[in-house]
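Asks: Protein chains in written order, with this note's numbering: chain G, 388 to 611; chain U, 186 to 610.
Built from N, CA and C at the ideal position, the CB exists for glycine as well.
Computed from a predicted structure; not experimentally measured.
Handing you this structure, nothing more for now.
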């Protein structure tokens, strides 16, 4: 479970003060698939960066279960990201010099698994999202949808508590986007908590819950 | 709950991931870029080893030529307050009993004046064509066996037993080969094979024919008038066979220090100074040796700085252009240390590849090449001095410099904000 309380992210540019995340509070129970939507510049990606510990909020707290993860040191946050969080970027962000399998193996090795176990786990994750026949392909040899699925496999390979996805279908055509969404739904059906930023209402409608932001504020929080 | 790991386990995990990333980065890098970087490292290594090796080898060539052709492994010379080695025949007999003895040469030396145009009438205020020289009396057969220096004749021929009216001139005595004109340093002009010269030692004068001219790059011969030992003894008035030099050659592998100790034990030390070749080296030569070693190290240090800067630039450009890559790694939980290790491993790879190729080039190509074809310096045949321990030490220094130069830029980029790196802002 993740609990967000009075979260602020304020940027200052000269005299100008921008509240990208403005006093947001909500709770996501385990196993829920949440969509965060809103117009461009509404603060949805910024909120996700705070939740995923890629950035520090200006104030407020984020509790993962009963632990305030905003109070952790940089090192502790890296460890937490490695063990408990999975992150899927809009533009896949997979490592170009590593094959699909190696991209998924790296965080597993970092967890201290030996290469054999890591390979086995990574292979399972890739097969789970339908990339069993592309294990040894470099990113350049994969389509956009396949690259995004590698990114998903990397995010779920270490069985994280929560997967964060930042507009995972933004760079994909509708058919591939649907495939990626299907993969998320499948994962969620197996109990995976997912928080996904999207600006496409039809994809948000497939989730359990839609949180809408506007100018950094939470303007609606509805269950589907 | 995430279990806390010990520092050792963390380092091991970071190293495993760093190695994993580095191996793949190297494997999948542009091969031409890799070749270029390794080539730069090879040149740096050669600069580090070869430049100083040649500088040291320049003097080493002179020193080893002196050992090979002149002083041998052990040199016996008169005490400083004596003009000859007392009981020379006895000392020679003792030297032949030393364990590891191979050969020896007994030589007579004296200061002399050589003149070439003494038959020409000159004005009272003019100097005769003459030069100060060392007189060197040798047994040609023994000298051939000991040093084989006769092969360095560049004009005419070397002395033979019975050549009592002939001499061989060292090239440094002739203007033709040593065109130096300075007050106090005269050389002979218009002297060629068959010319007559007059040698004066004290009150004794005698005329000889020039039979040959020698250029050995060993001062003992190149600055001397070489004649038969029997003639030298007559000129310097030595009828007791007491000589000025006994050069002893030992069987290869024999320790000269041990042989010297045996000679001293046998009593040779009471008749003359017994020195190993290293001890007998003139101080100025030792000073030049040390000076060139310092010079070599100074030049090598510049090479080392160039190597460090090269690696710094390579890794910095690599890290900067892959800022996003590093951001992603941090984003997925890879520790900064694991990322730094991957860059350090890449630096080590470049330095090791350059060094290993460099070691092969130095020991399999350049050293044998320099032995077969020494560099023809005016005063020595320059060789390449590169010892295995010295080369390994330089390789280690290069590696350390490379590790530091690889770590610093990687660290600079790794320290940047993760999100900014991922988003490229």
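#1: So if I threshold CB-CB distances at 9 Å, which residues from the stretch 508-540 of chain G count as touching chain U?
#2: Would a check of beta-carbon distances place residue 590(G) closer than 8 Å to chain U?
#3: Given a cut-off of 8 Å, decide if residue 252(U) and residue 568(U) are closer than it, judged by their beta-carbon atoms.
#4: With distances taken from CA atoms, which of 560(G), 464(G) and 555(G) is nearest residue 582(G)?
#5: Does residue 516(U) get closer than 8 Å to chain G when you measure Cβ to Cβ?
#6: Whose C-alpha, out of 526(U), 555(U), 609(U) and 539(U), is nearest the C-alpha of residue 588(U)?
#7: Starting from the C-beta of residue 280(U), find all residues in its chain whose C-beta is less than 6 Å away, skip the five residues before and the five after it, and write them out in chain order.
#8: Tell me which residues share the same chain as residue 375(U) and place their Cβ nearer than 6 Å to its Cβ, disregarding the 5 neighbours each side in the sequence.
#9: Taking 8 Å as the CB-CB limit, is residue 210(U) close to chain G?
#10: Taking residue 575(G) as the reference, give the member of 419(G), 396(G) and 411(G) with the closest Cα.
#11: Here's the rule I'm using: 16 or more other beta-carbon atoms within 10 Å means buried, otherwise exposed. How should residue 578(U) be labelled?
#12: Starting from residue 468(G), find everything on chain U with Cβ-Cβ shorter than 9 Å and list it in chain order.
#13: Please decide whether residue 607(G) counts as near chain U, where near means a Cβ-Cβ distance under 8 Å.
#14: Apply the 10 Å Cβ neighbour rule to residue 447(U) and answer buried if 16 or more other Cβ atoms are within range, or exposed otherwise.
#15: For residue 229(U) versus residue 539(U), is the C-beta spacing smaller than 8 Å?
#16: Is residue 478(G) helix, strand or coil when you go by DSSP?
#17: Contact criterion: CB-CB distance below 8 Å. Does residue 194(U) meet it with respect to chain G?
#18: With a threshold of 8 Å, are at least 3 pairs of Cβ atoms found where one atom belongs to the stretch 481-500 of chain G and the other to the stretch 524-539 of chain G?
#19: How many whole angstroms separate the CB atoms of residue 570(U) and residue 238(U), which I take to be in contact at a CB cut-off of 8 Å?
#20: Below 8 Å on the Cβ atoms is my guess for residue 406(G) versus residue 437(G); work out the distance and round it to an integer in Å.
#21: Closer than 6 Å by C-beta to residue 415(G): which residues in its own chain qualify, once you throw out the five before and the five after it? Chain order, please.
#22: Just checking my contact of residue 477(U) with residue 397(U) at CB under 8 Å: how many whole Å lie between their CB atoms?
#23: Helix or strand or just coil, what does DSSP make of residue 566(G)?
#24: Mind checking if residue 499(G) is an interface residue toward chain U, Cβ cutoff 8 Å exclusive?
#25: Distance cutoff 8 Å, beta carbons only. Does residue 487(G) sit that close to anything in chain U?
#26: Only counting the same chain, and skipping five residues up and downstream in sequence, which positions put a Cβ closer than 6 Å to that of residue 255(U)?
#27: Taking C-beta pairs closer than 8 Å, name the residues in chain G that residue 523(U) reaches, listed in chain order.
#28: Per DSSP, residue 399(G) is paired with what?
#29: Quick one: measure Cβ to Cβ for residue 265(U) and residue 294(U), integer angstroms, because I've assumed they're closer than 8 Å.
#30: Less than 6 Å between C-beta atoms, sequence neighbours within five positions excluded: which residues of the same chain meet that for residue 416(U)?
#31: Would residue 598(G) be called buried (16 or more neighbouring beta carbons within 10 Å of its own) or exposed?
#32: With C-beta atoms as the reference, is residue 323(U) less than 8 Å away from residue 431(U)?
#33: Given a cut-off of 8 Å, decide if residue 414(U) and residue 680(U) are closer than it, judged by their beta-carbon atoms.
#34: Between which two residues does the alpha helix (DSSP H) carrying residue 486(U) extend?
#35: Quick one, which of 451(G), 460(G), 490(G) and 462(G) has its alpha-carbon nearest residue 472(G)'s?
#36: Which residues of the stretch 439-451 of chain G have a Cβ closer than 7 Å to any Cβ of chain U? Give them in chain order.
Replies: The structure says:
#1: 525
#2: no
#3: no
#4: 555(G)
#5: yes
#6: 526(U)
#7: 289 and 433
#8: none
#9: yes
#10: 419(G)
#11: exposed
#12: 515, 516, 517 and 518
#13: no
#14: buried
#15: yes
#16: coil
#17: yes
#18: yes
#19: 5 Å
#20: The Cβ separation is near 13 Å, so there is no contact.
#21: 389 and 421
#22: About 33 Å; that fails the 8 Å criterion.
#23: helix
#24: yes
#25: no
#26: 403 and 405
#27: 497
#28: 404(G)
#29: Contact doesn't hold; Cβ gap of about 15 Å is too wide.
#30: 349
#31: buried
#32: no
#33: As displayed, chain U neither begins before 186 nor continues past 610, which places residue 680(U) out of reach and without an answer.
#34: 468-506
#35: 451(G)
#36: 441 and 442
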